[in-house]
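In the working numbering, the protein residues as written are 220 to 986. By construction, the Cβ of each residue, glycine as well, lies at the ideal position given by its N, Cα and C atoms.
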């Protein structure tokens, strides 16, 4: 055997071997195994050594991407999402058969050599020379692990993946340098554990646990001999040896692994032969990934949680950093979703609106005082197929929703009332509320330039019988358009915009509301989440809380668990308690005797407001109890469907309005969500009634909703532009019933009145 020199140094033979193994073999020879012509690289051995020495000494290993589990508020699973399906295991939790099989077929001398297997290299060189090509490689398990680390670091970037796997001398040298470091720092068992957790086994399965679940529906610790041999055989070429698509080829490869294990003494020949005769025994579990797999119809809530994570700076300084954490996974996200509330929302939507209907419905429930989003659902399931959608109708564009939201009609009017009350107007405030009037001009805005009605545009109520004077309570119950436009003219636009700012009412695209009197009629597109959160401030006596969907997050990094900071709801006073209590009293009247009678809850205090927009393209009900707020929207996302003479949920509707379709959805969803919860009462204020003689002959409290309807003939009828043009004649078909024939339009449209989505998604004002 070679002898050491005096002084303990290496002999000349050993020095030559080390130089050969580290420089030439690490460079030209090792690359030559993978590439037929080393000379074509144009890189000398000296250059290889210099490149090797210049490489950094430490391999930066990214945390392995894993599944993320999303849970409801009670700890039940909502969905499992991942960019790579992987569950990291300790070596002790992996079948010994699996450990032996992967070593036998990938690197039989794993426990005998260091980072580089010189004997294996020479054997491969000899075999490749005899074959005249590349029939055998010589990368050790350690080197393969290092290459997988490069691939993992590349993520889903195709350019980086190509760089991580390119067959070049430079990459091979880099791979070798880090392999030496890994061998010194980790040891054989940890390297084997890491390799089994990082490597790709085909069929979207990364790591041996995902592979065991995918092919055999069992854990990696329970793998039998023949099952472990099958998985080990797949690694060399997951597509070629895929047992699902080519059982014969996979069987041949499995048997090669079994024989190799027998030759090495890992199992007896008898055991190997018996395993070779066994069927593959596949029990395939198809990958279930993403929010589309969410339970209780919570796919849209799941998507909302994902967008919250990607948008909120608490999870990273920019979207790229946040996306990297999300894609890495290993997160356990506990959300605010109440499973009972979610179930109730979906049941109500399913009952009242079919997925095959021409229109869709969306509903969102929020907890007053905390901002917690308890439920979010819609009638069309999540997906890209027929009668499905990936658009979340409940949220703004930044969170996967509509670019504009949906016009809200008269559900906007409580914001105008709240602004007026904050300005000191009494709840008995009275305006003439004529049947028809010009838009008041000028109207003060937040800057020095007032809004002016340059072209003398007019608005009108539903029918000629609809005229004031009205006080606030009756005007709110009957949703009188001219009343609320006069109110804006009285107080100015700035108090209204300030109020909506305090309630964080923004258009679906994130923009602030425009300063124009027509906003009183709900002409601007908003989302159900925005509306439910804003109305929750009335329920919590004036305190607005920003919506939150995430309670807590833990992240697994290696074998450690750490807690991540999560966004908190920020609560602030949007209005005085007296104002909120007054609005509660006003909106109780809407569900008691006004346009929202069909939505009212019989067993507890409730309040709310109906809304329907021009040509019945959108219908809303937004309401609340002291402990729950909810918004329901019904309409077409394209805004092309006019909800007249239409079947929705198997029921025929000659006219759709906020009290009749969205109202019952809200009622049933809220009833189920609140079952078993305390029936708290509102703080209210006494609002004196109007003189009874003012109502004689006008049918203000018509229990059948005929003759006045949701809008008292003010915009939920057959009229055009939120009841401003051509309301139903003589009794109106507003948000409460049918009426006379539709008259010809008789007024012009104010400049800039159209807002929101295209195809008529811009006006509003019906109750």
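- Between residue 600 and residue 574, the gap from beta carbon to beta carbon is short of 8 Å.
- Residue 778 and residue 314 have their C-alpha atoms roughly 19 Å apart.
- In the DSSP assignment, residue 813 falls outside any beta strand (DSSP E) and carries neither an H nor an E.
- DSSP lists 424 as the bridge partner or partners of residue 304.
- When the Cα atoms are used, residue 665 and residue 716 turn out to be separated by approximately 8 Å.
- Taking 4 residues as the shortest admissible run, the stretch 684-764 contains the following complete alpha helix (DSSP H) segments, listed from N- to C-terminal end: 691-697, 700-710, 712-721 and 747-758.
- Between the stretch 853-868 and the stretch 790-797, the count of C-beta pairs closer than 8 Å stays below three; the two stretches do not touch.
- The DSSP-derived three-state label of residue 842 is strand.
- Cα atoms of residue 623 and residue 820: separation of roughly 31 Å, rounded to the nearest angstrom.
- Taking the CA atoms as reference points, residue 338 sits about 16 Å from residue 395.
- Residue 571: not part of any beta strand (DSSP E); member of the alpha helix (DSSP H) spanning 558-571, first to last residue.
- Counting along the chain, residue 854 sits inside the beta strand (DSSP E) bounded by residues 847-854.
- 8 Å or more divides the Cβ of residue 550 from the Cβ of residue 538.
- Excluding its 5 nearest sequence neighbours in each direction, residue 817 has C-beta neighbours in its own chain below 8 Å: 878, 879, 882, 883 and 886, listed in chain order.
- Sixteen is the threshold: since fewer than 16 other Cβ atoms of the shown chains lie within 10 Å of the Cβ of residue 787, the residue is exposed.
- Under a 10 Å Cβ-count criterion, residue 368 is classified as buried, with 16 or more other Cβ atoms of the shown protein chains found around its own Cβ.
- Counting other Cβ atoms within 10 Å of its Cβ, residue 811 stays below 16 and is therefore classed as exposed.
- Under the DSSP assignment, residue 413 falls in the alpha helix (DSSP H) whose first and last residues are 407-417.
- In the DSSP annotation of this structure, residue 543 is not part of any beta strand (DSSP E); the continuous alpha helix (DSSP H) holding it starts and ends at 538-547.
- Residue 672 and residue 806 have their C-alpha atoms spaced approximately 31 Å apart.
- Note on geometry: alpha-carbon atoms of residue 845 and residue 893 lie some 11 Å from one another.
- Comparing alpha-carbon positions, the option among 425, 453 and 595 lying closest to residue 291 turns out to be 595.
- As the crow flies, the alpha-carbon of residue 546 is around 10 Å from that of residue 540.
- A distance below 8 Å separates the beta carbons of residue 485 and residue 319.
- Per the Cβ contact rule, the stretch 712-731 is not in contact with the stretch 677-689 (fewer than 3 Cβ pairs under 8 Å).
- Looking at the backbone, the Cα of residue 556 and that of residue 406 are separated by about 45 Å.
- For residue 452, the uninterrupted alpha helix (DSSP H) run begins and ends at 444-453, by DSSP.
- Pairwise C-beta distances place the stretch 467-481 in contact with the stretch 437-454, as three or more of them are shorter than 8 Å.
- When 462, 590, 475 and 544 are compared, the shortest CA-CA separation from residue 776 is found for 544.
- If only uninterrupted alpha helix (DSSP H) runs of at least 4 residues are considered, those enclosed by the stretch 873-914 are 881-893.
- Taking a cut-off of 8 Å on C-beta distances, the stretch 412-422 touches the stretch 454-463, as three or more cross pairs fall below it.
- Between residue 408 and the set 590, 577, 361 and 870, the nearest pair of CA atoms involves 361.
- Here DSSP, grouped into helix, strand and coil, assigns residue 679 to strand.
- Put simply, the stretch 830-848 touches the stretch 745-764. At least three CB pairs are less than 8 Å apart.
- By the criterion of at least three beta-carbon pairs nearer than 8 Å, the stretch 763-771 is not in contact with the stretch 858-877.
- In the structure shown, residue 521 falls within a helical segment according to DSSP collapsed to helix, strand and coil.
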